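Quick notes on the structure that follows.
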Amino acid sequence: MNENPAIDPDGVGEVTDFGDIGDIGDDGRDADDGRAQGTVGCLLAVAGVTVAGVFALPRAAYSIDGGFEAHARDWSVILVELPLILLAGLLVPPMTWAAATRWLRPWAAFLLCAAVVALGLWGVAAVWHPRQGPDPGYGPGI
């Protein structure tokens, strides 16, 4: 005789066991610990894209606006560079968090994420130079 009840094709009569929620898994971690780490990863993604936007948008403002009669509008900044910077801000912090929490404690993983974001912003500042407005002393002439 079979111990498992017969399951109908439509799923009615299916028996589910929710007794393992909150139990400690095979690796010794609590099941809620994974949920907390996932939440921190999502918060890091939001914080990363916010920091990247606050950093990059003011630098690209002249390329977006284009200055006088939009003569200096740079579509490569608008369509390629800004989306890539924002995508990196969205993906790099949670991916670093996910990789770091496998080997480090959460506080050390958070410090590593902060260091990676700081190095990424430094790299963007060192390499990315969108067009800026003319010098403030530059006038219309005679």
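All you need for the numbering used here is the position in the sequence shown, starting with 1, plus 24.
Note that beta-carbon positions come from the ideal geometry of N, C-alpha and C, so glycine has one too.
Keep in mind that this is a model prediction, so the values were computed, not measured.
Taking all protein chains shown into account, decide if T125 is buried (16 or more other Cβ within 10 angstroms of its Cβ) or exposed.
By one-based count along the sequence shown, residue 125 stands at place 101. Classification of T125: buried, given that the 10 Å Cβ count is 16 or more.
Reduced DSSP secondary structure (H/G/I, E/B, other) of A96
Numbered from 1 along the sequence shown, position 72 holds the residue referred to as residue 96. Coil.
Candidates L136, R129, W146 and V141: closest to D57 by CA position
Locating residue 57 in the sequence shown gives position 33, counting from the first residue. Considering only alpha carbons, the answer is R129.
Nearest to A62 by CA position, among T120, L143 and W152, is which residue?
Within the sequence shown, residue 62 is the residue found at index 38, counting from 1. In the sequence on display, residue 62 carries Gly and not Ala. That would be T120, whose Cα lies nearest to the Cα of G62.
Could you work out which residue in W127, S87, F92 and A133 is closest to V104 when comparing CA atoms only?
Position 80 of the sequence shown, counted from the start, is the residue given in the question as residue 104. The candidate whose alpha carbon is nearest that of V104 is S87.
What's the gap between the Cα of A15 and the Cα of A60?
Only positions 25 to 166 of the chain appear in this structure, which leaves residue 15 out of reach.
Who are the Cβ neighbours of L145 in its own chain at under 8 Å, not counting the five residues just before and after it?
Looking up residue 145 in the sequence shown gives position 121. Cβ neighbours of L145 beyond the five flanking positions: V75, A76 and F79.
Distance, L115 Cα to V70 Cα
Taking the first residue of the sequence shown as position 1, residue 70 is located at position 46. Taking the first residue of the sequence shown as position 1, residue 115 is located at position 91. Approximately 10 Å, taken between the alpha carbons.
R97 to R83 span [Cα, whole Å]:
Looking up residue 97 in the sequence shown gives position 73. Looking up residue 83 in the sequence shown gives position 59. Rounded to whole angstroms, R97 to R83 spans 13 Å at the Cα level.
Cα separation between L108 and V141?
Here the question's residue 108 lines up with position 84 in the sequence shown. Here the question's residue 141 lines up with position 117 in the sequence shown. Spanning the two alpha carbons is a distance of roughly 15 Å.
Using the C-alpha atoms, what's the distance from G65 back to A122?
One-based indexing of the sequence shown puts residue 122 at position 98. One-based indexing of the sequence shown puts residue 65 at position 41. Spanning the two alpha carbons is a distance of roughly 7 Å.
L135 versus L68 - alpha carbon distance:
Taking the first residue of the sequence shown as 1, we reach residue 135 at position 111. Taking the first residue of the sequence shown as 1, we reach residue 68 at position 44. Whole-angstrom Cα-Cα distance: 12 Å.
Please report the Cβ distance between G147 and P117, rounded to the nearest whole angstrom; I am assuming they are in contact, meaning their Cβ atoms lie under 8 Å.
Mapped onto the sequence shown, residue 147 falls at position 123. Mapped onto the sequence shown, residue 117 falls at position 93. 15 Å between Cβ atoms; not a contact.
Could you name the residues of the same chain whose beta carbon sits closer than 6 Å to that of H95, not counting the 5 residues immediately before and after it, in chain order?
Your numbering for residue 95 matches position 71 in the sequence shown. Take H95, set aside five residues on each side of it, and no residue of its chain has a beta-carbon closer than 6 Å to its own.
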